[in-house]
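Protein chains in written order, with my numbering: chain L, -16 to 403; chain C, -16 to 403.
Below is the structure:
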């Protein structure tokens, strides 16, 4: 641990979530509570790009109430980015620049808030200490709606998306049930998850509310014939069916359902969703009228229906990251360690970043029913605690009050740096 | 008014909403409070089809708490239908059947809960009294997310969809703002409204929260060149743009944006959404990375984020329908009559169905900005009161507690009737 007071750097990375700002809140509030050890918290504007270009935000210029409001504001308050550092060997120039910037602003703590790719970046930064002789402690704060980080029981952002998907699929299923006699019999909802089916799995929870539902996971190769038969069985039995399809659902050859070779009037390849493809497929086979929705950003930004458990954990992991740094750790990530399902108990643990970076956690096979179209009781026991509780934002004029920070820049001390 | 106690018929019609059951709750609770005048309330299973096929539900079998729970349950609890009665001249058989069913079950009150088409059906039923000598009082209970009924200031269902759209568009805009530096710069959200742009208009409210937004209305002919220029201007100024597009947005020749002549790999015409079309259009013109969402049923079923004002009005209009019947009215619809915008005040009024049936109310031109891409302060004054207040359902196990009624059938007394 740094023996003298040093500044901290915090940045958000990759796709943002409904609760990544709650982690930011945890980091900044905990740093502020430890002023003897940590000086200012500088946030990177647009993630690591802010560090490389010395585009730092002075979070000390924000009031305590503005920082507190981050807890109930979705999105990334400092801007995020999709930018992965290459290895030290492949791109030494960027690492040298990072060190220059850290030195110039006396940064001794590096908090990086992101998913798998970001854990890799954070891990690389954590190695600067040894490899390049610059003392820095790098702590990763987990975040990803995809819930695909290893070791931690769950990832902040996921619980809220899972809640959004369960609530929305339940509501839309009630709707289609009402309409099924003379109109819509099939409702298809597309959700995120390119590789892992955790988000789609949350749609399976509505089965316990009497809804006939089919879930299509990226982990299960799509079998059109079997799927169409299952859809028909459910419509004949219940009058309707709800399908929750992951954007990553694909055929045996790896081709995504969303890539149907669809072309527009000009012959351009059309980037479509998986939902309309699935819906049209059922229509063509069985003639059922359908409706489909693609939730896209709506699902990961839906702070208004965030899971209270998720918000709490996002905050606690931000808080824990700072505490780990103060204890002298480097190259680690705080984790959620589940103790029991019911009652739900967990503690905050710690993982080595070397074991986190570049590892994806998929749905275990025993979380998916043998036919591949639903979730098992074991999966439900896993999911249910994560969507518990509501954490409503304050509303004004009919919409939530979300904070936009001042994001005051820190004066630059270095020459400009060109991103390549 | 019926001089002796008679039974009531209630049915839900057309697309359901987050609050149509709140109107059902208002009708049934008010009828129960007037037992001296109104016997049982029979609900049509799947709307008017339930009346024609004598498929009636005995709502007296439902507990007071189950009926009360309708107030916070989206969808149509008794089932809805898309079925429009032809004129008396064109299809006397159906009207004769209705009278048979009404007679067999001593029905003197007909409450029909729907939009424009349903108002027409209700109006036709109201004429049975005179035309076919059967004493019945038909009252229409307004409902439509499209907000396109005339005379009434607004329609139950609309306020909640408007709130959903404003909240979701705001949240997703914060998201894209975070990502814009290196990734998504354009977010396109498709909303309902085939003919009228009221729902899309609600997306325009986020402008007052600092979001660069373009709204595409069905009332404004789509001008691709002007639209692309506007999108570019906003992205260059703000770094990103949110587009809220109505499903009914169309070209000068009437062709919907959603009908781009898109064909799948098999050459089948593809039913796509307007959102991916708009998103791809911007991508091709300017190269901006995009995301798009199609809210579809999610928007109209989203009881979890319903407008408190809307829920209250839905209930009051159901209540008012029964009161109007008890006062002896026929062929009328209770309305919301706005008294003032701020503070928002309204009273429940009454309209003649002859003036409601088959009339669509579009967005007035002075609610849309001169450039056709936004809403005016006048429109905002109209919309804002309608999205005020939250009316959260109770949650259990992470999702809302929505009631599924027993829907006990009434014993049939007549021979079967074949729908043609």
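All C-beta atoms, glycine included, are put in the ideal place defined by N, C-alpha and C.
How far does the beta strand (DSSP E) with residue i in it extend, from its first residue to its last?
i                     : result
residue -6 (chain L)  : -11 to -5
residue 225 (chain C) : 224 to 229
residue 125 (chain L) : 120 to 125
residue 274 (chain L) : 273 to 277
residue 25 (chain C)  : 21 to 27
residue 111 (chain L) : It is not in any beta strand (DSSP E) - residue 111 (chain L) instead sits in the alpha helix (DSSP H) that spans 111 to 115.
residue 196 (chain C) : 196 to 199
Taking the CB atoms as reference points, tell me whether residue i and residue j lie closer together than 8 angstroms.
i                     : j                     : result
residue 338 (chain L) : residue 131 (chain L) : no
residue 93 (chain C)  : residue 167 (chain C) : no
residue 200 (chain C) : residue 229 (chain C) : yes
residue 278 (chain L) : residue 382 (chain C) : no
residue 8 (chain L)   : residue 301 (chain L) : yes
residue 40 (chain C)  : residue 28 (chain C)  : yes
residue 152 (chain L) : residue 180 (chain L) : no
residue 142 (chain L) : residue 127 (chain L) : no
residue 203 (chain L) : residue 351 (chain L) : yes
residue -7 (chain L)  : residue 47 (chain L)  : no
residue 211 (chain C) : residue 265 (chain C) : yes
residue -9 (chain L)  : residue 31 (chain L)  : no
residue 1 (chain C)   : residue 283 (chain C) : yes
residue 305 (chain L) : residue 334 (chain L) : no
residue 291 (chain C) : residue 373 (chain C) : yes
residue 97 (chain L)  : residue -3 (chain L)  : yes
Can you tell me whether residue i is helix, strand or coil according to DSSP?
i                     : result
residue 312 (chain L) : coil
residue 259 (chain C) : helix
residue 12 (chain L)  : helix
residue 264 (chain C) : helix
residue 392 (chain C) : strand
residue 298 (chain C) : helix
residue 192 (chain C) : helix
residue 67 (chain L)  : coil
residue 166 (chain L) : coil
residue 419 (chain C) : Chain C is shown only over -16 to 403; residue 419 (chain C) falls outside these bounds and no answer can be derived.
residue 205 (chain C) : coil
residue 95 (chain L)  : strand
residue 146 (chain L) : helix
residue 210 (chain L) : helix
residue 402 (chain C) : coil
residue 345 (chain C) : coil
residue 31 (chain L)  : helix
residue 3 (chain L)   : helix
residue 18 (chain L)  : coil
Which partner residues of residue i appear in the DSSP bridge assignment?
i                     : result
residue 333 (chain L) : L:317
residue 41 (chain C)  : C:25
residue 385 (chain L) : In the DSSP output, where bridge partners are listed per residue, residue 385 (chain L) has none listed.
residue 239 (chain C) : C:233
residue 351 (chain L) : L:358
residue 173 (chain C) : C:228 and C:277
residue 90 (chain L)  : L:-10
residue 327 (chain C) : Residue 327 (chain C) pairs with nothing; no bridge assigned.
residue 157 (chain L) : Residue 157 (chain L) is not bridged to any residue.
residue 290 (chain C) : C:373
Count the other C-beta atoms from every protein chain shown that fall within 10 angstroms of the C-beta of residue i, then say buried if there are 16 or more, exposed otherwise.
i                     : result
residue 194 (chain L) : buried
residue 394 (chain L) : exposed
residue 23 (chain L)  : buried
residue 341 (chain L) : exposed
residue 402 (chain C) : exposed
residue 104 (chain L) : buried
residue 220 (chain L) : exposed
residue 397 (chain L) : exposed
residue 293 (chain C) : buried
residue 237 (chain L) : exposed
residue 235 (chain C) : exposed
residue 191 (chain L) : exposed
residue 308 (chain C) : buried
residue 113 (chain L) : exposed
Could you give the first and the last residue of the continuous alpha helix (DSSP H) run that contains residue i?
i                     : result
residue 77 (chain L)  : 75 to 87
residue 180 (chain C) : Careful: residue 180 (chain C) lies outside any alpha helix (DSSP H) and carries neither H nor E.
residue 50 (chain L)  : 47 to 52
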